[in-house]
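Below is one structure, written out as structure tokens, with a few remarks after it.
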Amino acid sequence: MAQTIRLKRGKNANVNSLTLAAGEPAFVLDTGKLIVGNGTDKVFINPDIGTPGTYTKVTIDAQGRVTVGTSLSASDIPNLTLSQITDVGTAASKNIGAGSGNVPVIGSDGKLSANIMPAIAISDTFVVKSQTEMLALTAQVGDIAVRTDLSKCYILTTNDPTKVECWQELLTPASPVQSVAGKTGTVTLSASDVGLGNVTNESKSTMLASPALTGTPTAPTASTSANNTQVATTAFVKSQGYVTSSGVTSVAAGKGLSGGGSSSSVALNINCGDSMSVESGALDVKIDNSSIVPMANAAGATGSLCVGTVDGGTF
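Residues 11 to 325, numbered by our numbering, are exactly what the sequence shown covers, in order.
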């Protein structure tokens, strides 16, 4: 028959009145505690050390029993090097500062160091019509005020727009043209303003349609053989051969015209109108555009004359 060993046991309410001999065990039924006597007192083998849970920091007694369990505090964590910490990124290994390779930090004024980011001002332009309006502006250094009363511009050089000495005038060079033909402002010139009051304003086509030339106009001289509508200059006319007034003898009406050659043979070339009369010692002839007619003293004519129609007259 199997043997059963049963420890002394009871309720937790009766533990205080429990007396155990050295080495004698007892089990508390309602708390699950194990108690062993040490000859003078009873010792809990597995005492309550706190609220059930998971603890990262515990305290044990000389027997190796956990007596206290708590969570770690910051003071419990030893100094760690960067190599012992993961997922810190690359910036964690850099020093703070404004130099190359440093991590910049915001200063007590809420700004980055001027070595990293110099002060930047966004300039505004204000149009005002008096000094009073300019000095009342809410402006910062670099802002510009356009004064319509002076036609000038001013820039704020010191951060106090209420003082006129903080505004610097922006100088602009004077215009090299002060006036045009004695006129200023919006200038409209007339011909007389530029010394052309006696000049007629005409188009080129009008001027060349039927020009009335004065003075001594010149033109290109055509070659001697030219036969076109080109203007004939004095030089062109002279190159063709011509008779001057000194080489022409005036013949009065009825006086006759003497030709060159012998007395019996005279060559005479005359360009006339519809008719002409030729009178000589041997022959009087009237020539018109249709016939050659012997005149009153034609009886003295000898030889024959055949040009066009010869009419012997009537009887």
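We put the beta carbon where it would ideally sit given N, CA and C, even for glycine.
Quiz item: Is the distance from the Cβ of A243 to the Cβ of T228 below 9 Å?
Solution: Here the sequence assigns Thr to residue 243, which means Ala is not the residue at that position. Contact flag set, yes.
Quiz item: So the alpha helix (DSSP H) L145 belongs to, where does it begin and stop?
Solution: 141-145
Practice problem: Determine, using beta carbons only, whether I70 and T77 come nearer to each other than 9 Å. | Solution: yes
Practice problem: Please determine, among F136, V151, N89, the residue with the shortest C-alpha to C-alpha distance to E175. | Solution: V151
Quiz prompt | Validate contact between the region 164-172 and the region 141-155 using beta carbons, cut 8 Å, 3 pairs | solution = yes
Quiz prompt | Spatially closest choice to L82 from V137, D153, K67, by CA coordinates | solution = K67
Exercise. Check each candidate in T50, G120, N237, V137 and name the one with the smallest Cα separation from E34.
Key: T50
Quiz item: What residues match up with C176 in a beta bridge as DSSP calls it?
Solution: According to DSSP, which records beta bridges pairwise, C176 is partnered with nothing at all.
Quiz item: Per DSSP, G20 is paired with what?
Solution: V38
Quiz item: Once you ignore the five residues that flank D153 on each side, which residues in its own chain have a CB closer than 6 Å to its CB?
Solution: S133, D134, L166
Quiz prompt | Pairwise C-alpha distance: V38 and L44 | solution = 6 Å
Practice problem: List the DSSP bridge partners of T69. | Solution: V78
Practice problem: With a floor of 4 residues, list each alpha helix (DSSP H) that falls wholly inside the region 73-128, ordered by position along the chain. | Solution: none
Self-check item: Residue from V156, S189, G107 whose Cα sits closest to the Cα of L181
Solution: V156
Quiz item: Alpha carbon to alpha carbon, what distance is there between W177 and L9?
Solution: This structure cannot settle anything about residue 9, because the visible part of the chain is limited to 11 through 325.
Self-check item: Burial state of M144, where buried means 16 or more other Cβ atoms lie within 10 Å
Solution: buried
Quiz item: Starting from A219 and walking both ways along the alpha helix (DSSP H), at which residues does that stretch end?
Solution: 214-219
Quiz item: Whose C-beta lies closer than 7 Å to the C-beta of S140 among residues of the same chain, with five residues either side of it excluded?
Solution: D159
Practice problem: Decide if Y252 is buried, meaning its Cβ has at least 16 other Cβ atoms within 10 Å, or exposed. | Solution: exposed
Quiz item: Which same chain residues, not among the five before or five after N112, have their C-beta less than 7 Å away from its C-beta?
Solution: K104, N105, I106
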